[in-house]
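Numbering (the working numbering), first residue to last: 780 to 1498. Presented below is the structure to which this report refers.
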């Protein structure tokens, strides 16, 4: 049974005693705190909005981020527990209430922004705040003990849930302090000099089991698909095959006469069927006869023809959206001793998260309750409130585990569908998307054509760089197109967008996957044209960027770049940055020339992610991003014909299988004292380039259109 948590606004410097607990507001947070009902938590005290301490020493830390398999909930709790000096064996982690004023962060890490879990920003964004909040919790406990024992607070020490006084050998557990702690009216900001010295860290930079793993192994982890509430009914939806068309149901009476069908709900983009069980809902859904009306923009979209549109747009004299510009490219590029050009393409791809979308919603006259796995907890709560015309606080959002997100679950479309159906039938509704729904009505990583041009001066150096990204997806296209770590004096990088009327969305690493594929493959092409080693050319371009150069050198050393390669194999190298993290990769491949199938045998990866809170999990995230990147590079492609997705499930949208996984992935994290950066997406961006570059080294031919399917490989080999 879920613990019910209420939210109540309290003024600064005020605290409230409730039953055996105390809720208070630290000055640095300065926001509404939590109130617990008497008897819910026993003899205990809420010593900040981030932590609750029970008399048995149990420390409950509230997790502000969505947990979708990336391990964030463990890392964030570890940061807080480190500064609080809590006993990790007694730490419990619970999802924080959806209160962005307390638990949100801005893009610069400032307090009170959004509770949006995207862009690998959770650990990097919360790091300083959680260290400060943990230190303030420790300050409260030390102050209480100092007053109780009549000693100076600075004479006290802590160690894993224990306060002790070296002079008198007195000691007391955190749980025992609950009996007498008095919450001060304000708590000072703890200066950095009084935060724990990194050499004394017990959790940050150490390895320990992720908190969520046991619950996922024993089946007790709660996903929204596990939720059942009294009087709940089930819903499925037939959605527009072409984005923007509207439905007209032809056999409404027949559908309503199916035993177990309770109602039909018309939506702008589809028809929902409500039934007493999911099997009936899906049966009725399959039997619907719908005419789709309207003539939306998407109806004329054929994705494989789009590249011709992009080529035409590239010849326009009208400049697109500028990503970066330096020097005078228009003057210097025509003066180049040699000009090198290449084009690169990438198809749409689908998020393919393990858990198809679903949500449970119960809309009442003046409130709503929702259970969902979402990357945007406060955004979802806010969208539901706005959609229903309710106050934010009238929506009770229960966050659940997510079976993968990759950006798709930062959208709230599926939640609003559940809300609309619940409102229509006046009952709690579980809405379940099928895999076919999820794929055919997806929101995809955009398609693009990338045109690159480099000017080589009389000394053989790259003097000019022009990169034009043309595609659909607007702001999704430009991410990762800049190259601040390569010193090229004259640069122009721009994005030119065409709106096809199809749904696009952030996909793991956003534009870094296709853009770094194009950039890092082009660097190799330049190196080969100049008869330079690709690794050495990158070293020349990075000579003024020691941190980046160290990452590149590390992976080259790991892979023994200069050593001979086994016959029938070749290696490729690339560098990329994402979310502030620096990463480089090398792969070793072979090729079955009769089938066109590429086999990636080994991947080496190096990473500088600043201070790494949980190194083992960071490696898991790198491994996951490498393998997901590999899948997207070799297999994944969404195509549109007359605005309709041609794929429907994994039989015609293949993803990487175990037999295609690398035999070995070797990773090294470079020790750093720099601030933490995002790691969850860092390995993916260089994958296209290292495979393309290895293929060129092996065959002398170049792959420039992702994915590198066997059909494309055979075509290239025969050209």
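The C-beta atom is built at its ideal place from N, Cα and C for all residues, glycine as well.
Distance between residue j and residue i (C-alpha atoms, nearest Å)
| i | j | result |
| --- | --- | --- |
| residue 1129 | residue 1229 | 20 Å |
| residue 937 | residue 894 | 32 Å |
| residue 843 | residue 1154 | 11 Å |
| residue 1018 | residue 1470 | 37 Å |
| residue 1319 | residue 1240 | 9 Å |
| residue 1460 | residue 1313 | 24 Å |
| residue 1497 | residue 1376 | 14 Å |
| residue 1242 | residue 1226 | 29 Å |
| residue 1330 | residue 876 | 39 Å |
| residue 1189 | residue 1341 | 44 Å |
| residue 1492 | residue 1476 | 14 Å |
| residue 1118 | residue 1246 | 13 Å |
| residue 1325 | residue 1379 | 30 Å |
| residue 1138 | residue 1204 | 16 Å |
| residue 1427 | residue 1016 | 15 Å |
| residue 833 | residue 952 | 11 Å |
| residue 1307 | residue 1080 | 37 Å |
| residue 1157 | residue 1366 | 40 Å |
| residue 1029 | residue 1075 | 21 Å |
| residue 1082 | residue 1092 | 15 Å |
| residue 1161 | residue 1482 | 45 Å |
Collapsed DSSP secondary structure at residue i in the structure displayed
| i | result |
| --- | --- |
| residue 1320 | helix |
| residue 1234 | strand |
| residue 1482 | coil |
| residue 1101 | strand |
| residue 1026 | strand |
| residue 1124 | strand |
| residue 1336 | helix |
| residue 973 | helix |
| residue 1418 | coil |
| residue 1051 | strand |
| residue 1269 | strand |
| residue 1279 | coil |
| residue 1298 | helix |
| residue 882 | helix |
| residue 994 | helix |
| residue 1327 | helix |
| residue 944 | strand |
| residue 1223 | strand |
| residue 1289 | coil |
| residue 1471 | helix |
| residue 893 | strand |
| residue 1170 | coil |
| residue 1216 | helix |
| residue 870 | strand |
| residue 1447 | strand |
| residue 1118 | strand |
Own chain, CB closer than 6 Å to residue i, minus 5 neighbours either side, in chain order
| i | result |
| --- | --- |
| residue 1415 | 1128 and 1486 |
| residue 1357 | 1288, 1291, 1460, 1461 and 1464 |
| residue 866 | 939 and 940 |
| residue 1305 | 1119 and 1233 |
Run of the alpha helix (DSSP H) containing residue i, from where it starts to where it stops
| i | result |
| --- | --- |
| residue 1192 | 1192 to 1204 |
| residue 1178 | Premise fails: residue 1178 lies in the beta strand (DSSP E), 1174 to 1178, not in any alpha helix (DSSP H). |
Exposed unless 16 or more other CB atoms sit within 10 angstroms - verdict on residue i
| i | result |
| --- | --- |
| residue 1430 | exposed |
| residue 1224 | buried |
| residue 1109 | exposed |
| residue 1096 | exposed |
| residue 1444 | buried |
| residue 1351 | buried |
CB contact below 9 Å: residue i versus chain D
| i | result |
| --- | --- |
| residue 1350 | This model lacks chain D altogether, as it is built from one protein chain only. |
Other residues of its chain near residue i: CB distance less than 8 Å, five sequence neighbours each side excluded
| i | result |
| --- | --- |
| residue 959 | 923 and 927 |
| residue 851 | 842, 844, 845, 896, 901 and 902 |
| residue 1386 | 1330, 1360, 1361, 1362, 1397, 1401, 1446, 1447, 1448, 1449, 1458, 1461 and 1462 |
Own chain partners of residue i with C-beta closer than 7 Å, once the 5 adjacent residues on each side are dropped
| i | result |
| --- | --- |
| residue 1073 | 1023, 1024 and 1025 |
| residue 946 | 934 |
| residue 1170 | 1164 |
| residue 975 | 861 and 862 |
Residue interval of the beta strand (DSSP E) (run including residue i)
| i | result |
| --- | --- |
| residue 1013 | 1012 to 1018 |
| residue 823 | 823 to 827 |
| residue 1350 | 1348 to 1357 |
| residue 1041 | 1040 to 1046 |
| residue 1148 | 1147 to 1151 |
| residue 1430 | That residue, residue 1430, is in no beta strand (DSSP E); it is neither H nor E in DSSP. |
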